[in-house]
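Asker: From first to last, the protein sequence lines are chains S and C. For the first sequence, position 266 matches number 265 in numbering that gives the first Met the number 0, and the numbering has no gaps at all. For the second sequence, position 75 matches number 74 in numbering that gives the first Met the number 0, and the numbering has no gaps at all.
2 protein chains.
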Amino acid sequence: MSTQFETAPNRYVAARDGVKYAYRKLGVPGGTPLVLLQHFTGHMDSWDPAVVNGLARHRTVVIFDNAGIGVSSGRTPDSVEQMAIDAESFIGALELGEVDLLGFSLGGFVAQLMAARGKVPVRRMVSAGSAPQGGEEHLLQVVSAAFATNAQDVRLPLFFTPSEKSQAAGRAFLARATARTKDRDAESGEAIRNAQANAIIAWCADETAEHAVLKRIGQPTLIVHGSKDTMFPVTNAYSMFEQMSDATLIVYPDSAHGAIFQYSETFTSHVETFLSA
Amino acid sequence: MSTQFETAPNRYVAARDGVKYAYRKLGVPGGTPLVLLQHFTGHMDSWDPAVVNGLARHRTVVIFDNAGIGVSSGRTPDSVEQMAIDAESFIGALELGEVDLLGFSLGGFVAQLMAARGKVPVRRMVSAGSAPQGGEEHLLQVVSAAFATNAQDVRLPLFFTPSEKSQAAGRAFLARATARTKDRDAESGEAIRNAQANAIIAWCADETAEHAVLKRIGQPTLIVHGSKDTMFPVTNAYSMFEQMSDATLIVYPDSAHGAIFQYSETFTSHVETFLSA
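#1: Using the three-state DSSP reduction, which class does Gly91 (chain C) fall into: helix, strand or coil?
#2: If we count Cβ pairs, one from each stretch, closer than 8 Å, do we get three or more for the stretch 200-214 of chain S versus the stretch 5-22 of chain C?
#3: Quick check on Phe231 (chain C) - is its C-beta less than 8 Å from some C-beta in chain S?
#4: Taking only the alpha-carbon atoms, compute the straight-line gap between Pro32 (chain C) and Glu97 (chain C) and give it to the nearest angstrom.
#5: On the DSSP bridge assignment, give the partners of Phe172 (chain C) in chain order.
#6: For the alpha helix (DSSP H) holding Ala144 (chain S), just list the boundary residues, first then last.
#7: Any idea if Asp245 (chain C) is buried or exposed, counting beta-carbon neighbours within 10 angstroms, 16 or more meaning buried?
#8: Whole angstroms are fine: how far does the CA of Arg123 (chain S) sit from the CA of Ser238 (chain S)?
#9: Can you tell me the Cα-Cα spacing of Gln132 (chain S) and Glu209 (chain S), whole angstroms?
#10: Who does Thr59 (chain S) pair with in a DSSP beta bridge?
#11: How would you label Ala144 (chain C), buried or exposed, when you count the other beta carbons within 10 angstroms and need 16 or more for buried?
#12: Give the C-beta separation of Ala86 (chain S) and Met113 (chain S) to the nearest angstrom, bearing in mind that I take them to be a contact with Cβ-Cβ under 8 Å.
#13: Expressed to the nearest angstrom, what Euclidean distance is found between the alpha-carbon atoms of Ala49 (chain S) and Arg183 (chain S)?
#14: In the DSSP assignment, the beta strand (DSSP E) including Gly102 (chain S) goes from what residue to what residue?
#15: How do the stretch 187-198 of chain C and the stretch 216-229 of chain C stand: do at least 3 beta-carbon pairs fall below 8 Å, yes or no?
#16: What are the residues that DSSP puts in a beta bridge with Lys19 (chain C)?
#17: Taking CB distances under 8 Å as the criterion, tell me whether Ala246 (chain C) reaches chain S.
#18: Any Cβ of chain A within less than 8 Å of the Cβ of Asp228 (chain S)?
#19: Please give the ranges of any beta strand (DSSP E) in the stretch 173-248 of chain S, keeping only runs that are unbroken, at least 3 residues long and fully inside the region.
#20: Would you say the stretch 165-176 of chain C touches the stretch 79-93 of chain C, given that touching needs at least three Cβ pairs under 8 Å?
#21: Can you pull the chain S neighbours of Ser268 (chain C), defined as C-beta to C-beta under 7 Å?
#22: If you draw a straight line from the C-alpha of Gly67 (chain S) to the C-alpha of Ser104 (chain C), how long is it?
#23: If contact means a Cβ-Cβ distance below 7 Å, which residues of the stretch 12-31 of chain C contact chain S?
#24: Could you tell me whether any Cβ in chain S is nearer than 8 Å to the Cβ of Asp253 (chain C)?
#25: Look at the Cβ atom of Ala258 (chain S), then the Cβ atom of Thr229 (chain S), and state whether they are nearer than 8 Å.
#26: Can you check which of these residues, S:Phe146, S:Val27, S:Gly73, is closest to Ala190 (chain S) by C-alpha distance?
#27: Between which two residues does the beta strand (DSSP E) carrying Arg74 (chain C) extend?
#28: State yes or no: is the C-beta of Arg10 (chain S) nearer than 7 Å to some heavy atom of the ligand ATP?
#29: Select from C:Thr234, C:Ser275, C:Thr265 the residue whose C-alpha is nearest the C-alpha of Ser129 (chain C).
#30: Between C:Tyr251, C:Phe260, C:Phe273, which has its C-alpha nearest Tyr251 (chain S)'s C-alpha?
#31: What residues of chain S sit near Ala147 (chain C), judged by a beta carbon separation below 7 Å?
#32: Counting only the same chain and skipping the five closest in sequence on each side, list residues whose C-beta sits under 7 Å from that of Pro156 (chain S).
#33: Where does the unbroken alpha helix (DSSP H) through Ala258 (chain C) begin, and where does it stop?
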């Protein structure tokens, strides 16, 4: 198995739902595989190589394009529930058995729902930069404000705080993120943006849910957040933590939505400590 | 240098304040030494051997009896400020130079003040189960309720939640805590209890402080807390985190004031990740 994000080949698996899912598998064979669930408009190459490689040092890591994303076939759903169904279909097709999940942002919504549904056996879950159903989101405002800055890359204002230190971490992240040159996923277009924005907004608008999803999750969970996340404020992490029966909470200083990229080494160490506890 | 808590010899150093401080030094030589600051009525043998040995795997760890505690000479002060002055005197006498601090509970108050005062150069600080000036404390109520349970050891109701899992972790902690048989410190008496209780209550009663101490701390800080700490509720950790410029927050599930003992392995891993970042 390739151990580097930069060179792991694209593989494909045909699932029973008719979708051909693209994925990459890397790291150390054996043990419970860790499946990563991606953020709004993100694809396989939106992951931070330092995070993926760091996680893959001690375990099998699977990244994939969910239905309708990147080089997977199918349609991009406009609901978190359908994204969870698609991810379950992918994991079933790969015959991974029991898995650990790491969901970032929108991927954290999907991870929560999958852990609660139990259609795929989930051993442990990491939810980073995420929000519960009925949580507080500022997606459209924050995304349009970030584009309006005309930054070199929209992820600098979107994922990092204005501080010099955070912006420097952002530039280091951008440099890492282009290290892979072969078989890169194309950027997501408007249809994906619109469908996923609808899914995010609907998830956070559901204030009648009373944390039913979180209360169904018995699996040990690691909640990670940035102190100054503007898209999903840190209060989301606090309320998830309070509603869950077996959650550990970690919040990083001077960090925004991309906290796990800003603190890539610390984050992968925290995930490893959590998954191997 | 001995690498085990169980066998590290008692050493003594005479400081300029006239106090003869007892200490034990263990772990790996070189690097920034980590000095541990103890909880209410605690002495050197109140530390969890799993925590001290875990921390000592990668660095020099110093535990000591502050003035008037255990086998150190001097008087137990009734103010956090004097405890900080005494600890500074001890560190100066040992000529440790720049140090990392790990303060638990009352020791966390002392660590905050030392980091803010800067009389001893503090590189990084870990504050566990602690509270800021003006914070919320339920010391006397919680201590008397714990004694009223007539538990086998008062630390079971005091440091652990009523859950089966937390109580089992508490019993494992108690078993570890007696592993050292030679040169054990005697338990603290009423004079120490009263003086330290006054110091804790005065620290938390100081609501005019407006977090002046926290705002003076520029050092990277790791704040660790138990989700169900009854003595110093977890809201203390949240408010410390919000007031500090460079703090990371970690909260453990189903845990009370002794969270760092309940999760000794995870905690030492988190401290190591933080100190070596």
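Glycine included, C-beta positions come from ideal geometry on N, C-alpha and C. Values in this document were obtained by computation on a predicted structure and should not be read as measured data.
Answerer: On the basis of the supplied data:
#1: Per DSSP, reduced to three states, the secondary structure at Gly91 (chain C) is helical.
#2: By the Cβ rule, the stretch 200-214 of chain S does not count as touching the stretch 5-22 of chain C, because fewer than three pairs are nearer than 8 Å.
#3: Taking CB atoms only, Phe231 (chain C) has no neighbour in chain S less than 8 Å away.
#4: When rounded, the separation of the alpha-carbon atoms in Pro32 (chain C) and Glu97 (chain C) is 8 Å.
#5: Phe172 (chain C) pairs with nothing; no bridge assigned.
#6: Following the DSSP letters along the chain, one finds Ala144 (chain S) inside the alpha helix (DSSP H) bounded by residues 138-147.
#7: The residue in question, Asp245 (chain C), is exposed, as its Cβ has fewer than 16 Cβ neighbours within 10 Å.
#8: Put simply, the backbone Cα of Ser238 (chain S) is about 19 Å away from that of Arg123 (chain S).
#9: Between Gln132 (chain S) and Glu209 (chain S), the C-alpha separation is close to 8 Å.
#10: Here Thr59 (chain S) is bridged, per DSSP, to S:Gly26.
#11: When all chains shown are included, Ala144 (chain C) counts as exposed.
#12: Contact flag correct, Cβ pair sits at about 6 Å.
#13: For Ala49 (chain S) and Arg183 (chain S), the distance between alpha carbons rounds to 16 Å.
#14: It spans 98-103 - the beta strand (DSSP E) in which Gly102 (chain S) sits, taken as one unbroken run.
#15: Result no; under three Cβ-Cβ pairs closer than 8 Å.
#16: Looking at the DSSP assignment, Lys19 (chain C) forms a beta bridge with C:Ala13.
#17: Residue-level contact by beta carbon holds for Ala246 (chain C) and chain S, with a gap shorter than 8 Å.
#18: This model lacks chain A altogether; the protein chains it does include are S and C.
#19: Qualifying beta strand (DSSP E) stretches, in chain order: 220-225.
#20: As far as the Cβ criterion goes, the stretch 165-176 of chain C does not touch the stretch 79-93 of chain C, which means the pair count is below three.
#21: Scanning chain S for C-beta atoms nearer than 7 Å to the C-beta of Ser268 (chain C) yields Thr272, reported in chain order.
#22: If I take the Cα positions, the gap works out to 51 Å.
#23: The residues in question: there are none.
#24: For Asp253 (chain C), the nearest beta carbon of chain S is closer than 8 Å to its own beta carbon.
#25: Contact: no.
#26: Taking Ala190 (chain S) as reference, the option from S:Phe146, S:Val27, S:Gly73 with the minimal CA-CA separation is S:Gly73.
#27: Counting along the chain, Arg74 (chain C) sits inside no beta strand (DSSP E), nor does DSSP assign it H or E at all.
#28: Judged by which ligands are present, the structure shown has none, so any question about the ligand ATP falls away.
#29: Closest by alpha carbon: C:Thr234.
#30: If we check each option's Cα against that of Tyr251 (chain S), C:Phe273 comes out closest.
#31: The premise fails here: Ala147 (chain C) is roughly 28 Å from chain S at the closest Cβ pair, so nothing lies under 7 Å.
#32: Cβ neighbours of Pro156 (chain S) beyond the five flanking positions: Ala145, Thr148, Ala150.
#33: 258-261 is the span of the alpha helix (DSSP H), which, as asked, contains Ala258 (chain C).
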